[in-house]
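> Got a structure for you, written out below as structure tokens; questions coming shortly.
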Amino acid sequence: MKEGKHIKNKTLFLFLILILFQIQISYTIEIDKLLGVPDDKLELYKPQEGNVFTCLDGSKTIPYNAVNDDYCDCPDGSDEPGTSACPGTTFYCRNKGHVPAVIPSSKVNDGICDPECCDGSDENSGIIKCENICEKVSHDQQEKAMERKKILKEGLEKKAKLISEAADIVKKEQEKKKKLENEINSLNNKIKRLEEIQSIAENVDKRVKEIKDKEINKKIIENCPDVLHDCNLGYDEINTQLTQSLNKISVYENGLNHISDLIYDVQNIIDDDTKENKLEEIVGKLSEIHNEIHSIQDEVVEIDQEEIVNVDQDDNENNENNENNENENNKYYPLDLSINLDEVKKALELTSCEDSSKNIIFCIGSGFKSLFLGMKNNLCNDTKNLIGWKGWQRLKDPLNLTVNNIIAKVKMIKKSSEQNKDNVDGTNTVDAEMGIDFNALKSNYLGVKSLVKSTKNDYNEKERELKSIKEQVDIDYGPDSVFRTLYNKCYDVEASGYIYSLCLFKDANQKPKNGNSSTSLGKWNGFESPTIMKYSNGEKCWNGPQRSAKVILKCSNKNELISVSEPSKCEYEMIFYTPAVCIEDDNNTNNNNNSVKDEL
Amino acid sequence: MCVKSEEFKRCDQSGFCTRQRAYADLVEKTNTQNASPYKVIPNSIDFNKKEGLITAKVLKTANNTLDNATPLEVYFKLQLILLKSGSVRMKFEEAEDNIKTRFDVSTYALENNNPEPSKKIDTKNDQNSSTFTFNDENDKTTLILTYNPFKVEIVKDGQVVIGFNQNGYFNYEEHQQQNENDNISEEEKQRQNEINELIENTQKDMWSETFRSSTDTKPYGPESIGFDITFPGFKNVYGIPQHTSPLSLTTTRNNGDNGYNEPYRLYNLDVFEYILDSPMAIYGSIPFMLAHKNDQSAGFLFINASEMWIDVEKSNTDTLTHWMAESGKFDIIFFVGKTPKDVITTYMDIAGKPPLPQYFATAYHQCRWNYNDEADVLSVDQKFDEYNLPYDVIWLDIEHTDGKRYFTWDLTKFPDPVALQKAIADKGRKMVTIIDPHIKVDNNYYVYKEAKDQDLFVHNNQDKPFDGWCWPGSSSWVDFLKPEASKWLISQYDFEKYKGSTEILYTWIDMNEPSVFSGPETTMPKDNLHYGKVEHRDVHNIYGELYHKATYEGHLARRNNEDRPFILSRAFFIGSQRYGAIWTGDNDADWNHLKASIPMTLSIGLSGLSFCGADIGGFFNNPDKELYIRWYQTAVFQPFVRGHSHIDAKRREPWLYDDETINLVRDALYERYNLLPYWYTLFKEASVSGIPMTRPMFFEFPENEKLFEVDNQFMVGSDLLVKPVLEQGQTEISVYLPPSEKWYDYKTHKVVQTNEEGYLTIPTSLSTIPVYQRGGSIIPQRLRHRRSSKSMKHDPYTLLIALDEKNEAKGQFYVDDGESFGYKNGLFIYRTFIFANNILNCSKYRSPDNINESHNEDELLMISERIERVIIAGIDSKSIKSIQLVTNGVVKSLQFNVESDDIVIIKDPAIEMKEVDWKIEILY
């Protein structure tokens with residue numbers, strides 16, 4: 001028989017190999033008719049009557065000796081379960097002592113010992129001898145399976161913990177969110193009220209500031225006595241003026257503080273439920289305010305009496321055109337010598353100093369003379385403005401408003417207390433509810449501004465907090481929010497000279513091992529599937545797309561970033577081990593748990 | 001996506017192209033085709049009959065078109081060598097040259113630089129010509145040398161087949177001293193304005209040339225060579241690769257809107273994103289042209305490695321070509337033959353034939369820029385097995401190195417290359433790493449240090465080592481003209497030297513045009529200096545081949561000549577086929593690039609370099625599913641089959657597409673693997689005769705004029721006709737099956753019926769690969785599905801017989817160990833199968849290389865396998881009574897299956913391929 005001859009030739013060939021390698025091995029040359037037949041089909045491969053075999057698809061009946069004769073007779077390839085003769089079919093490795101395996105028939109007798117076929121039955125032609133390693137494989141696999149089982153068990157425990165922790169967090173978050181929303185709402189109302197008050201205070205504040213600025217300018221002049229020495233107005237005189245002006249301001253300020261105290265008192269009176277004769281007391285306080293205004297006026301007049309006399313007649317005329325005057329002179333600057341050299345030079349030209357080297361100080365002095373004259377005018381005007389109560393005009397309206405408000409309120413209180421005493425409390429609590437601290441206003445009326453600011457800060461802070469909570473809450477944390485506790489938890493791994501870091505639900509980054517500049521590989525962009533996370537829109541690649549990373553999640557007993565690769569340029573793939581994706585094995589014998597991490 | 005054309009020269013930006021083209025125009029303008037300044041001096045003619053050598057002096061007198069102040073008289077030496085093959089070699093040079101010795105590239109480019117001269121020569125002289133008739137009686141070639149004007153014509157059957165200087169374009173710029181007053185007079189300009197412009201052009205950029213920011217100093221001045229080669233009676237010419245033009249060359253001048261406006265350029269260049277249907281130069285250059293008409297073929301070879309431009313002009317009947325080379329020798333060969341195969345064979349006898357490749361090299365290669373690290377490589381390898389996709393070789397591009405220092409590994413990604421290769425080897429597979437010719441300038445890099453210390457680098461025009469920019473940054477280039485440099489490179493492949501290399505590691509050489517990012521036209525300055533003070537301009541086009549050669553020899557040396565090298569190169573020149581495969585360079589994932597892969601590989605193949613292929617899927621960008629599938633279906637029928645992709649392209653291993661794609665790619669790959677026995681036999685044939693494995697249609701049907709310009713279908717060997725689907729969304733295809741033959745559907749073995757003109761229209765689903773088997777052929781196959789060619793080594797064979805009208809068929813089969821040079825000592829099996837009179841006969845095939853098959857049965861058994869199946873199509877199968885195998889008088893009855901009225905399958909004759917003189921008889 002030709003087949004026999006062929007096999008004999010093979011034997012010879014193998015014999016040569018054996019001699020060459022001096023290895024003693026034994027093998028069988030007969031191809032077992034049942035080789036490669038799965039256990040559940042063994043019955044079908046028994047010789048039928050007349051020593052024939054029927055192809056499993058029933059299409060053909062062939063002599064039984066054509067089974068496993070290394071020639072494909074059946075259209076469905078079922079006559080060659082043990083050879084490679086029929087492309088597209090499979091071979092069954094019995095793997096005694098281990099689990100059976102099914103491999104493509106293309107791997108039968110291809111000269112390579114397939115690990116799936118631990119019994120070596122896939123190589124039976126003598127090209128190569130495959131040892132039966134089933135015992136070892138089985139042992140190893142059992143160990144692996146046990147290890148896997150252990151990991152899965154621990155993983156599932158941790159997962160349960162993750163879920164319960166997540167539930168707590170979610171609950172707390174919802175509460176916190178609600179609380180913040182309420183707080184923000186009330187802060188918002190408070191700000192509105194404060195802003196009304198602020199607009200009143202601002203008017204006062206603005207004017208005070210204007211005056212203060214001017215005083216500061218004067219102080220600067222103080223610092224240059226040498227230069228000013230040669231000016232017609234002496235240093236002392238200016239100093240006196242300054243002192244006077246400062247005194248005036250302090251009087252003004254004290255007065256305002258006193259007034260604010262009084263306003264506070266009025267408020268207290270309104271607020272104090274125990275007071276019987278509120279209106280009388282308020283009227284008393286208002287008259288105190290009135291007196292105070294008068295006393296400020298008197299005090300200021302006293303301070304300035306001499307000064308008023310000394311004011312140039314010209315200035316009286318120019319009162320109306322004060323602003324024009326200022327513009328025309330245009331010399332009223334904060335005297336910064338280094339910056340305003342141009343002005344100095346201009347002044348020098350005006351005085352036509354020829355020998356500047358000798359008379360430099362004189363010249364500068366005479367230059368400043370004209371500067372200072374203008375300045376003095378302004379000072380006088382301001383003072384006059386104060387004395388002439390032009391400044392008070394600005395305070396008048398708000399003050400009246402306040403007084404009117406108070407009166408209106410008191411009237412209302414009186415009226416309502418007559419009707420229904422309970423309602424009085426409700427009205428009274430409005431400001432308390434707003435939390436406006438009138439004590440703060442008392443200690444510094446102008447401090448209302450900083451109160452508005454701090455309230456706004458408070459508001460913004462709370463808004464931010466709410467936003468960040470909302471950001472976190474809105475993320476998809478998987479079933480049962482199992483990943484909730486891992487939000488913004490970061491994990492590093494080193495690969496190919498880079499340190500990769502993954503901050504879950506935030507972003508992924510890459511940094512050279514010996515460098516600082518970090519490159520974004522992408523920001524959280526949802527789950528592609530329950531076990532694949534996407535991070536997208538990272539830094540753009542040169543000549544390429546924006547970087548992105550895919551994170552493949554595998555079940556383990558701890559959270560760990562295992563590996564990073566870049567299969568396509570700028571498209572990264574990370575393997576992340578986590579208990580969060582562990583799934584209970586449906587079937588303990590089934591090795592279908594490919595989500596459980598492979599053994600390292 | 002488009003090439004930056006402005007970075008590459010047009011003819012009018014090249015000094016010598018402008019000069020030579022202007023010279024030709026001047027000849028046409030002044031009607032001086034017959035007034036060549038070159039005249040043969042009759043009494044100088046000497047005929048050495050023994051060597052088939054005719055020598056003569058040629059005088060160039062005062063140039064009749066150039067108004068030079070001093071009349072010119074220059075003497076030249078002419079040599080004509082009449083070869084036994086009927087070819088003629090012609091050399092021409094200055095009688096005296098005190099300025100520069102012209103570089104002779106022939107010793108590098110040609111395997112057989114002294115082909116056998118003709119012994120049978122009859123001469124006849126008349127007043128103005130000498131006539132030489134040579135070769136044997138049946139196939140005479142006649143050469144006519146005309147004295148004035150100087151002209152050479154090759155005559156076959158009374159008709160001029162090829163002519164030299166018939167059109168008077170011959171213009172050989174002899175070396176000259178630079179003349180300060182080399183200008184034209186003012187009066188002349190006014191008188192002949194148009195002509196003068198041309199005259200000016202004939203003097204353009206003679207002593208230096210600037211292109212973009214680079215200046216070529218041209219210290220030796222003008223030395224270009226221009227001439228016309230005419231092919232009277234021929235309408236189709238082919239070859240002069242590498243271009244992206246159609247197989248049948250396009251006209252380049254005087255053709256209105258048809259054809260190109262630029263000459264074909266041959267100048268090895270790294271062209272980023274090259275364009276299609278263009279005469280622009282790209283990576284390789286072979287100055288070989290084939291002309292064909294239905295009863296005659298001719299060939300022409302210009303053995304010159306300098307930059308070259310070729311104009312092609314066609315009239316209704318003839319083809320005129322104008323060849324212009326910048327420098328180097330005038331050394332040309334005329335070939336004549338009845339058929340294209342005759343011409344190719346004679347050409348390949350001189351240029352050298354491709355060696356038989358390793359068996360694995362003919363299978364499928366998997367490449368990408370880059371497989372990133374060991375885990376990546378192993379995972380790709382594993383996935384191929386997982387999806388039952390066969391492949392043989394995994395490739396590593398430049399990123400595997402330590403900072404583009406070739407011969408090193410990036411150890412963070414490839415900590416243990418030896419173990420990695422072992423894992424690949426255990427699966428029966430191979431690995432290829434890339435080694436480029438630019439060496440990173442880095443004194444701590446041993447390769448650079450060694451080469452620098454031994455002065456092995458190309459020098460710049462100041463004679464100092466040249467420094468340019470390439471992948472690693474500042475780099476130098478090894479000067480392979482220097483014998484020590486080649487020796488040194490060879491030694492680098494020693495396993496001890498190349499750390500991490502093992503016996504399964506082979507080599508890919510890229511960027512060997514050479515590509516110099518900082519150089520003019522992305523290459524090396526022409527005034528760079530090679531060993532022996534040879535200018536780079538003289539050797540440019542062979543640089544890549546010299547590197548290819550040294551690499552090949554390095555692989556031979558590392559295994560003591562026991563293992564066949566496998567080297568893939570991008571640049572190439574005449575003779576590169578002797579050192580390995582080439583591919584068509586950086587193509588694009590575009591349907592037009594898929595289409596272009598056919599004329600490109602055919603063109604390169606007919607020019608000698610038959611082991612050639614295009615990157616599957618297209619290198620740049622991302623092929624969609626359909627293009628990807630169609631590309632595999634096409635490429636598996638081309639000689640070199642490699643999937644490759646750019647680093648910026650998406651990963652594209654088959655399993656990243658859908659199931660249908662995986663299945664269709666698998667089917668396509670198995671088309672290749674099933675036919676490997678046929679392919680290997682064709683590779684053997686190519687190594688013996690030089691005939692390419694894949695052939696233009698007109699190679700197999702030289703008398704069928706319908707096929708002369710067909711380049712969207714081709715033949716694999718003589719017997720398989722392939723018409724790939726090349727259009728997106730194509731639902732049907734029309735195939736032209738030459739009516740002289742009977743044709744069979746390759747898959748179903750059914751005879752196909754064409755219409756009267758020979759056209760067959762078939763529907764094309766995504767799974768359709770239109771392939772047809774010629775009646776009268778026997779094709780060896782291996783039909784088992786395996787993971788690699790090595791795993792098929794012990795698989796049995798199937799013979800696929802398709803009968804012709806006379807119920808006959810024949811075919812060859814060749815096999816050896818697929819690895820070693822044992823075949824040179826007879827370790828091979830070469831069979832002829834002949835089917836006639838209902839008998840299949842097997843006998844030894846006597847290959848023309850005259851090596852005898854070993855008589856050692858056991859030795860042959862190592863490479864022999866049985867025949868498991870014989871399929872006979874086109875046979876009267878119904879009335880077969882029995883089929884029997886007869887070996888040494890022993891008769892054995894065989895089982896058979898009648899598949900249909902005209903197909904029978906014989907089951908397992910179980911006869912070994914090593915057996916001879918057996919027969920299978922069909923009895924009625």
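So the protein sequences, as listed, match chains Z and E. Each residue of the first sequence is one higher than the one before, counting from 1 in the UniProt record's numbering. Each residue of the second sequence is one higher than the one before, counting from 1 in the UniProt record's numbering. We put the beta carbon where it would ideally sit given N, CA and C, even for glycine. Owing to the predicted nature of the structure, the values given are computational and were not obtained by experimental measurement.
#1: In whole angstroms, give me the CA-to-CA distance for residue 540 of chain Z and residue 177 of chain E.
#2: Give every residue of the same chain whose Cβ lies closer than 6 Å to the Cβ of residue 614 of chain E, excluding the five residues on either side of it in the sequence, and list them in chain order.
#3: Please specify which runs of the beta strand (DSSP E), each continuous and at least 3 residues long, are wholly inside the UniProt domain "Glycosyl hydrolase family 31 C-terminal" (690–779) of chain E, giving them in chain order.
#4: List the residues of chain E that residue 110 of chain Z touches, going by C-beta distances under 7 Å, in chain order.
#5: If residue 603 of chain E sits next to residue 619 of chain E, beta carbons under 8 Å apart, how far is it from one beta carbon to the other, in whole angstroms?
#6: So the alpha helix (DSSP H) residue 82 of chain E belongs to, where does it begin and stop?
#7: Buried or exposed: residue 855 of chain E, going by 16 or more other Cβ atoms within 10 Å of its Cβ?
#8: How would you label residue 599 of chain E, buried or exposed, when you count the other beta carbons within 10 angstroms and need 16 or more for buried?
#9: Residue range of the beta strand (DSSP E) that residue 642 of chain E falls in?
#10: Only counting the same chain, and skipping five residues up and downstream in sequence, which positions put a Cβ closer than 6 Å to that of residue 671 of chain E?
#11: Following the continuous alpha helix (DSSP H) through residue 382 of chain E, name the residue where it begins and the one where it ends.
#12: Which runs of the beta strand (DSSP E) spanning at least 3 residues fall entirely within the region 539–593 of chain E, listed in chain order?
#13: Do we get a CB-CB distance below 8 Å when we pair residue 104 of chain Z with the residues of chain E?
#14: I'd like the list of long-range same chain contacts for residue 397 of chain E, defined as Cβ closer than 6 Å, with 5 residues on each side in sequence excluded.
#15: Taking only three categories from DSSP, how would you classify residue 167 of chain Z?
#16: Indicate whether residue 834 of chain E and residue 853 of chain E have their beta-carbon atoms separated by less than 8 Å.
#17: Is there at least one Cβ from chain Z nearer than 8 Å to residue 66 of chain E's Cβ?
#18: Within 8 Å of any Cβ in chain Z, is that where the Cβ of residue 647 of chain E sits?
#19: Exposed or buried, which one is residue 139 of chain Z when buried takes at least 16 other CB atoms within 10 Å?
#20: Under 8 Å between beta-carbons, which chain Z residues line up against residue 428 of chain E? List them in chain order, please.
#21: Leaving out five residues before and five after residue 163 of chain E in sequence, what residues of the same chain have Cβ atoms less than 6 Å from its Cβ?
#22: Go through its chain and collect everything with a Cβ distance to residue 47 of chain E's Cβ below 7 Å, but skip five positions before and after it.
#23: Per DSSP, which one or two residues make a beta bridge with residue 290 of chain E?
#24: Just list the residues that DSSP pairs residue 284 of chain E with in beta bridges.
#25: Name the two residues that bound the continuous beta strand (DSSP E) containing residue 611 of chain E.
#26: Between the UniProt domain "MRH" (488–584) of chain Z and chain E, which residues of the former have a C-beta closer than 9 Å to a C-beta of the latter?
#27: Hey, residue 759 of chain E and residue 752 of chain E: beta-carbon distance below 8 Å or not?
#28: Suppose the cutoff is 7 Å on Cβ atoms and the five residues either side in sequence are ignored; what does the same chain contact list for residue 88 of chain Z look like?
#29: For chain E, find out if any of its Cβ atoms is closer than 8 Å to the Cβ of residue 85 of chain Z; answer yes or no.
#30: According to DSSP, simplified to helix, strand and coil, what is residue 530 of chain E?
#31: What residues in its chain sit with their C-beta under 8 Å from that of residue 96 of chain E, if we drop five residues either side in the sequence?
#32: Take residue 490 of chain Z and list the residues in its own chain whose beta-carbon comes closer than 6 Å to its own, dropping the five residues that flank it on each side.
#33: Which residue from E:606, E:506, E:555 and E:747 puts its Cα closest to that of residue 667 of chain E?
#34: If distances are taken between C-alpha atoms only, which option among Z:523, Z:494 and Z:176 comes closest to residue 535 of chain Z?
#35: Residues in the region 388–417 of chain E with C-beta within 9 Å of chain Z's C-beta atoms, listed in sequence order?
#36: What are the uninterrupted segments assigned as beta strand (DSSP E) that are 3 or more residues long and contained completely in the region 817–898 of chain E, given in chain order?
Taking the geometry as given:
#1: As a position in the first sequence, residue 540 of chain Z is number 540, starting the count at 1. As a position in the second sequence, residue 177 of chain E is number 177, starting the count at 1. Their Cα atoms are separated by approximately 58 Å.
#2: In the second sequence, residue 614 of chain E corresponds to position 614, counting from 1. When the five nearest sequence neighbours on each side are left out, the beta carbons in the same chain lying within less than 6 Å of the beta carbon of residue 614 of chain E are those of 584, 587 and 597, in order along the chain.
#3: Correct list: 694–696, 714–716, 720–722, 732–736, 743–745, 759–763 and 771–774.
#4: Position 110 of the first sequence, counting from 1, holds the residue named residue 110 of chain Z. Those are 786, 787 and 791, listed as they occur along chain E.
#5: Taking the second sequence and counting its residues from 1, the one referred to as residue 603 of chain E is at position 603. Taking the second sequence and counting its residues from 1, the one referred to as residue 619 of chain E is at position 619. About 19 Å separates the Cβ atoms of residue 603 of chain E and residue 619 of chain E, ruling out a contact at the 8 Å cut-off.
#6: Here the question's residue 82 of chain E lines up with position 82 in the second sequence. Residue 82 of chain E -> not in any alpha helix (DSSP H); beta strand (DSSP E) instead, spanning 74–82.
#7: The residue you call residue 855 of chain E lines up with position 855 of the second sequence. So residue 855 of chain E ends up on the exposed side.
#8: Taking the first residue of the second sequence as position 1, residue 599 of chain E is located at position 599. So residue 599 of chain E ends up on the buried side.
#9: Translated into positions along the second sequence, residue 642 of chain E becomes position 642. Segment 641–643, the beta strand (DSSP E) holding residue 642 of chain E.
#10: Taking the first residue of the second sequence as position 1, residue 671 of chain E is located at position 671. Excluding residues within five positions, the ones whose Cβ falls inside 6 Å are 636.
#11: For the purposes of this step, residue 382 of chain E is taken as the residue at position 382 of the second sequence. DSSP places residue 382 of chain E inside the alpha helix (DSSP H), whose first and last residues are 374–386.
#12: Correct list: 567–569 and 581–583.
#13: Here residue 104 of chain Z is taken as the residue at index 104 of the first sequence, counted from 1. With 8 Å as the cut-off, residue 104 of chain Z counts as an interface residue toward chain E.
#14: Here the question's residue 397 of chain E lines up with position 397 in the second sequence. Hits under 6 Å: 369, 370 and 434.
#15: Reading the first sequence from its first residue, position 167 is the one you call residue 167 of chain Z. Helix.
#16: Residue 834 of chain E sits at position 834 when you count from the first residue of the second sequence. Residue 853 of chain E sits at position 853 when you count from the first residue of the second sequence. Taking 8 Å as the cut-off, the beta carbon of residue 834 of chain E is found no closer than this to the beta carbon of residue 853 of chain E.
#17: In the second sequence, the residue the question calls residue 66 of chain E occupies position 66. The pLDDT assigned to residue 66 of chain E is 49, lower than 50, so where the model puts this residue is not dependable; a value taken from the coordinates is nonetheless given after this. By this cut-off, residue 66 of chain E is not an interface position.
#18: As a first step, residue 647 of chain E is located in the second sequence; it is residue number 647 there, counting from the start. It does: the Cβ of residue 647 of chain E has a partner Cβ on chain Z nearer than 8 Å.
#19: One-based indexing of the first sequence puts residue 139 of chain Z at position 139. Exposed, since its Cβ has fewer than 16 Cβ neighbours within 10 Å.
#20: Taking the first residue of the second sequence as 1, we reach residue 428 of chain E at position 428. Per Cβ cutoff of 8 Å: 110, 111 and 112.
#21: As a working mapping, residue 163 of chain E is identified with position 163 in the second sequence. Answer for residue 163 of chain E: 153 and 230, listed in chain order.
#22: Position 47 of the second sequence, counted from the start, is the residue given in the question as residue 47 of chain E. Answer for residue 47 of chain E: 54 and 123, listed in chain order.
#23: As a first step, residue 290 of chain E must be located in the second sequence, where it is residue number 290. Note: residue 290 of chain E sits in a beta bridge opposite E:238 and E:299.
#24: As a first step, residue 284 of chain E must be located in the second sequence, where it is residue number 284. For residue 284 of chain E, DSSP records a beta bridge to E:572.
#25: Position 611 of the second sequence, counted from the first residue, corresponds to residue 611 of chain E. For residue 611 of chain E, no beta strand (DSSP E) run applies, since DSSP gives it neither H nor E.
#26: Residues 495, 496, 497, 541, 543, 544, 545, 563, 565, 566, 567, 568, 569, 570 and 571.
#27: Taking the first residue of the second sequence as position 1, residue 759 of chain E is located at position 759. Taking the first residue of the second sequence as position 1, residue 752 of chain E is located at position 752. No.
#28: Here the question's residue 88 of chain Z lines up with position 88 in the first sequence. So the qualifying residues of the chain are 77.
#29: Within the first sequence, numbered from 1, the residue matching residue 85 of chain Z stands at position 85. Yes, residue 85 of chain Z counts as interfacial toward chain E.
#30: For this step, residue 530 of chain E is matched to residue 530 along the second sequence. For residue 530 of chain E, the secondary structure class from DSSP, reduced to helix, strand or coil, is strand.
#31: Along the second sequence, read from residue 1 onward, the residue named residue 96 of chain E stands at position 96. Excluding positions up to five away in sequence, the list reads 75.
#32: Against the first sequence, residue 490 of chain Z aligns to sequence position 490. Here the set comprises 501 and 503.
#33: Here residue 667 of chain E corresponds to residue number 667 of the second sequence, with the count starting at 1. Each of E:606, E:506, E:555 and E:747 was checked against the Cα of residue 667 of chain E, and the nearest Cα belongs to E:747.
#34: To locate residue 535 of chain Z, count along the first sequence from 1; it is residue 535. Among Z:523, Z:494 and Z:176, the Cα nearest to that of residue 535 of chain Z belongs to Z:523.
#35: Residues 388, 390, 410, 412 and 413.
#36: Restricted to the region 817–898 of chain E, the beta strand (DSSP E) segments that are unbroken, complete and at least 3 residues in length are 828–836, 839–844, 866–873 and 882–887, listed in chain order.
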